[in-house]
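Worksheet: one structure, shown below.
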Amino acid sequence: MSDVLSRWAGLALCAVGLIATLALAVTGDLTLYIHPRYVLFTVVLSVLGAGLFLASVWYAASGGRGGTEDGHDHTHEHDHAHEHQNEHPHDHGADGPGGPAQRHPSPLWRTVRGRVSATGLAALVVAATVALLVVPPATLSAERALTTATAADGGGDVPRPALLGSDPTGFSVRDWATILGGGATADDLVGQQADITAFVLVSEDGSARLGRYAVTCCTVDAQLFAVPVVAADLPDGLAFGSWVRVTGTFADVAGATLLHPDAVEVVEEPDDPYLS
Amino acid sequence: MPTTMTRPTPAPPRAGVTRRARRILLTVGAVLTAAVLVRAVSIDADAPLPSALSDGVTLAASVIVESLPFVFLGVMVSIAVQLWVPTRVMDAVVPRAGFARRAVLSLLGVVLPVCECGNVPLARGLMVRGFSVADAATFLLAAPILNPVTLMTTYQAFGWNDGILVSRLVGGFVLANLVGWLVSLHPDPDRLLTPVWAAACASASSATSAPTLRRAAGLFRSEVSAMLPALFLGAAVAGLIQVAVSRDTLTSIGGHPVYGILALLLLAFVIAICSNVDAFFALSLASSFSPGALVAFLVFGPMIDVKMLVMLSTTFRVRALAGVTLVVALGALTLGLAVNALV
Numbered sequence: 001m002s003d004v005l006s007r008w009a010g011l012a013l014c015a016v017g018l019i020a021t022l023a024l025a026v027t028g029d030l031t032l033y034i035h036p037r038y039v040l041f042t043v044v045l046s047v048l049g050a051g052l053f054l055a056s057v058w059y060a061a062s063g064g065r066g067g068t069e070d071g072h073d074h075t076h077e078h079d080h081a082h083e084h085q086n087e088h089p090h091d092h093g094a095d096g097p098g099g100p101a102q103r104h105p106s107p108l109w110r111t112v113r114g115r116v117s118a119t120g121l122a123a124l125v126v127a128a129t130v131a132l133l134v135v136p137p138a139t140l141s142a143e144r145a146l147t148t149a150t151a152a153d154g155g156g157d158v159p160r161p162a163l164l165g166s167d168p169t170g171f172s173v174r175d176w177a178t179i180l181g182g183g184a185t186a187d188d189l190v191g192q193q194a195d196i197t198a199f200v201l202v203s204e205d206g207s208a209r210l211g212r213y214a215v216t217c218c219t220v221d222a223q224l225f226a227v228p229v230v231a232a233d234l235p236d237g238l239a240f241g242s243w244v245r246v247t248g249t250f251a252d253v254a255g256a257t258l259l260h261p262d263a264v265e266v267v268e269e270p271d272d273p274y275l276s
Numbered sequence: 277m278p279t280t281m282t283r284p285t286p287a288p289p290r291a292g293v294t295r296r297a298r299r300i301l302l303t304v305g306a307v308l309t310a311a312v313l314v315r316a317v318s319i320d321a322d323a324p325l326p327s328a329l330s331d332g333v334t335l336a337a338s339v340i341v342e343s344l345p346f347v348f349l350g351v352m353v354s355i356a357v358q359l360w361v362p363t364r365v366m367d368a369v370v371p372r373a374g375f376a377r378r379a380v381l382s383l384l385g386v387v388l389p390v391c392e393c394g395n396v397p398l399a400r401g402l403m404v405r406g407f408s409v410a411d412a413a414t415f416l417l418a419a420p421i422l423n424p425v426t427l428m429t430t431y432q433a434f435g436w437n438d439g440i441l442v443s444r445l446v447g448g449f450v451l452a453n454l455v456g457w458l459v460s461l462h463p464d465p466d467r468l469l470t471p472v473w474a475a476a477c478a479s480a481s482s483a484t485s486a487p488t489l490r491r492a493a494g495l496f497r498s499e500v501s502a503m504l505p506a507l508f509l510g511a512a513v514a515g516l517i518q519v520a521v522s523r524d525t526l527t528s529i530g531g532h533p534v535y536g537i538l539a540l541l542l543l544a545f546v547i548a549i550c551s552n553v554d555a556f557f558a559l560s561l562a563s564s565f566s567p568g569a570l571v572a573f574l575v576f577g578p579m580i581d582v583k584m585l586v587m588l589s590t591t592f593r594v595r596a597l598a599g600v601t602l603v604v605a606l607g608a609l610t611l612g613l614a615v616n617a618l619v
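Going down the list, the protein sequences come from chains A and B. The first sequence begins at 1 in the working numbering and counts up by one. The second sequence begins at 277 in the working numbering and counts up by one.
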């Protein structure tokens, strides 16, 4: 059993990763995990990888017979007996006395270690299958957003938009968040109509924000951008984290610049939940 | 990898797709079909998971989806180097002597532009081709920084501001060569390697009659078997840490000239993002951290992080990795302090 595992675990993980990636590519959901600029690269390399994977399976099946040396991978227990017949063919720097032979652990220890690593590998394959193939793809939760500090500027490679000469209804949550983060007040934003799609964040003190994550490479580096909104103007019974499309203008409320919604429409989560 | 090449028996006759082989192929085919079907059914389902668990799975999955193609690229370049680049070509191009040799090798990332995940299989391929441990360590640490993609994105993010680009470039080069030099001082460098990997390098032989595709498939299989368990485990740990430890505890430390550097070193370690794009992430921290802290983040992160350590543990002993981590962390800290003092 542990022999089968050590022979096939790597290829099993490879298959899980390939199926997960290519399935996401087919449904157009790769951007749930990576920035759009990597989609092409990821698909091309996954297709090439799938080719090598199939070739490896073919030769692994038709090659070695039973437990022969062939195809034993080196991460796991491995018979070193033949290796000392050929003297180190390469220059490995100063190869002092006490070559690998004297460091071999005892057979018992190797058996124990083999068992442990086989169990670990099996657990890893099962966990990877569940996480990547069984659990449906998801976006980061709004609960996480509540405990995340918002980014006020930078936002990776996207510069702060210029208010002059652009159409502010095309601005995203990030654009407005960086404009507000730059110190703009309602006076600067008179007559500017915002039109944003975001999820609703209500803090314990009752203040509300409209938030959206931005991703620069993959979801691990997701940063939250948020625009404060007048909580009283949101419709009652709006579920925490639900996606809304809000149009409105900015107003100063008690020294802070808040979005004052004219219209709030509950919408489905967009196909591109992360700004890129 | 080596033993697949030294197999004494010739390839089985063409007609001999044995009954056993057919059984294995059928089993694999059935498992793959089942996996695809499961995915097809589950991909549009609703996720009933609690949000913290769901976030952990999402974060780990994103590390895997992002890194996997880079690992494939690294494995493919590694296979190409092992199959088609003769040792004498490399000996002709690369100087033989210590410092000059390592200096040239640390620039290898310019012609083999693979970021840090892909560098591990590539470095292993170079070691099988006879590179010393010190050579491989220098390449592993330098290449993720000294490559065109990383430098371009760093330039896009920071331009020439605060000397961040130059400090990253020079600092990465010096630090990688420092570690390489320290490793070369070791009386028996093979002791820094895991026994299994040291034996694999020692038994490597380029003499073989197996057809190229067969050898390529064998190399792919052994490299994937070594790398993917490490990558998946590293991704799981990275996802867990991201859920358990709030990033804000670190970023709130902010502008302190010393603690800020330490905080970003720790952040670089846990967040494990790709060196090709980490400059964009660092830019978002620029308003609250000193330039020295950003440089430390940009130099340390590509060399060492939680995912990289797990991947490197396939090749290097834990003690060696602890030493390298310590030297790199101290080096990055020194670099950060120097930048803060000068800028």
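Each residue gets a CB set at the ideal place from its N, CA and C atoms; glycine is no exception. Source: prediction; values computed, not measured.
On the DSSP letters alone, give me the boundaries of the alpha helix (DSSP H) that residue i sits inside.
i: G181 (chain A); result: 173-181
i: L335 (chain B); result: 327-360
i: R491 (chain B); result: 488-520
i: P255 (chain B); result: Summary: the structure shown does not reach residue 255 (chain B), with chain B confined to residues 277 through 619, and so no result is reported for it.
i: A311 (chain B); result: 295-318
i: R595 (chain B); result: 594-618
i: V553 (chain B); result: Per DSSP, V553 (chain B) belongs to no alpha helix (DSSP H) and is neither H nor E.
i: L349 (chain A); result: Lying before the first or after the last residue shown, residue 349 (chain A) is absent from chain A, which here runs from 1 to 276.
i: A55 (chain A); result: 39-62
Going by C-alpha to C-alpha distance, which of the options sits closest to residue i?
i: V387 (chain B); options: B:R372, B:P424, B:L570; result: B:P424
i: V44 (chain A); options: B:P465, B:M352, B:F592; result: B:M352
i: Y535 (chain B); options: B:A572, B:L301, B:P362, B:D322; result: B:A572
i: A251 (chain A); options: A:V244, A:H260, A:W243; result: A:H260
i: A337 (chain B); options: B:Q518, B:L383, B:L402; result: B:Q518
i: L40 (chain A); options: B:G577, B:T294, B:V604, B:V341; result: B:V341
i: G510 (chain B); options: B:E499, B:V546, B:T303; result: B:V546
i: V173 (chain A); options: A:L22, A:D3, A:H35, A:L275; result: A:L275
i: T219 (chain A); options: A:T257, A:A138, A:S6, A:G17; result: A:A138
i: G385 (chain B); options: B:A562, B:L609, B:I440, B:S551; result: B:S551
i: N616 (chain B); options: B:A598, B:L451, B:S343, B:F565; result: B:F565
i: A232 (chain A); options: A:G255, A:F225, A:V244, A:V202; result: A:V202
i: A208 (chain A); options: A:D236, A:P270, A:L133, A:V57; result: A:D236
i: T42 (chain A); options: B:L308, B:S343, B:S327, B:V317; result: B:S343
i: L329 (chain B); options: A:L13, A:A127, A:V57, A:L224; result: A:A127
i: G394 (chain B); options: B:G350, B:M403, B:L308, B:L559; result: B:G350
i: V333 (chain B); options: A:G51, A:A122, A:V130, A:R7; result: A:V130
Residues of chain B with a CB under 7 Å from the CB of residue i: which are they?
i: S141 (chain A); result: S327, S330, D331
i: R144 (chain A); result: S327, D331
i: I179 (chain A); result: The contacting residues do not exist; I179 (chain A) stays about 15 Å from chain B at best.
i: A149 (chain A); result: D524, T527
Quick one: measure Cβ to Cβ for residue i and residue j, integer angstroms, because I've assumed they're closer than 8 Å.
i: A60 (chain A); j: R497 (chain B); result: 6 Å
i: L495 (chain B); j: I355 (chain B); result: 5 Å
i: V347 (chain B); j: P397 (chain B); result: 7 Å
i: V357 (chain B); j: G401 (chain B); result: 5 Å
i: V619 (chain B); j: D438 (chain B); result: 5 Å
i: S62 (chain A); j: L18 (chain A); result: Going by Cβ atoms, the distance from S62 (chain A) to L18 (chain A) rounds to 21 Å, so no, they are not a contact pair.
i: V500 (chain B); j: V57 (chain A); result: Not a contact, Cβ separation roughly 11 Å.
With C-beta atoms as the reference, is residue i less than 8 Å away from residue j?
i: T527 (chain B); j: A15 (chain A); result: no
i: L417 (chain B); j: M579 (chain B); result: yes
i: L383 (chain B); j: G10 (chain A); result: no
i: A492 (chain B); j: L325 (chain B); result: no
i: L609 (chain B); j: L541 (chain B); result: yes
i: F240 (chain A); j: A142 (chain A); result: yes
i: T430 (chain B); j: A555 (chain B); result: yes
Determine the extent of the beta strand (DSSP E) in which residue i is found, giving its start and end residues.
i: Y213 (chain A); result: 208-214
i: E269 (chain A); result: Looking at the DSSP string, E269 (chain A) is not in any beta strand (DSSP E), and its letter there is neither H nor E.
i: D195 (chain A); result: 194-202
For residue i, which residues in chain B fall below 9 Å Cβ to Cβ?
i: T119 (chain A); result: Per Cβ cutoff of 9 Å: no residues; T119 (chain A) is ~13 Å from chain B at best.
i: L5 (chain A); result: Chain B residues near L5 (chain A): none, gap ~10 Å exceeds 9 Å.
i: A208 (chain A); result: By Cβ distance, chain B contributes nothing, its closest Cβ being about 19 Å from A208 (chain A), past 9 Å.
What residues of chain B sit near residue i, judged by a beta carbon separation below 8 Å?
i: Y33 (chain A); result: T334, A337, S338, V341, E342
i: I196 (chain A); result: Ordered by position in chain B, no residue passes the 8 Å Cβ test against I196 (chain A), which lies about 20 Å from the chain.
i: S56 (chain A); result: A493, G494, F496, R497, V500
Can you name the residues of chain A whose CB is closer than 7 Å to the CB of residue i?
i: P345 (chain B); result: F41, T42, L45, S46
i: Q518 (chain B); result: V220
i: I300 (chain B); result: A61
i: L349 (chain B); result: L45
List, in order along the chain, the chain A residues whose C-beta lies closer than 8 Å to that of residue i?
i: C550 (chain B); result: C217, C218
i: D322 (chain B); result: P136
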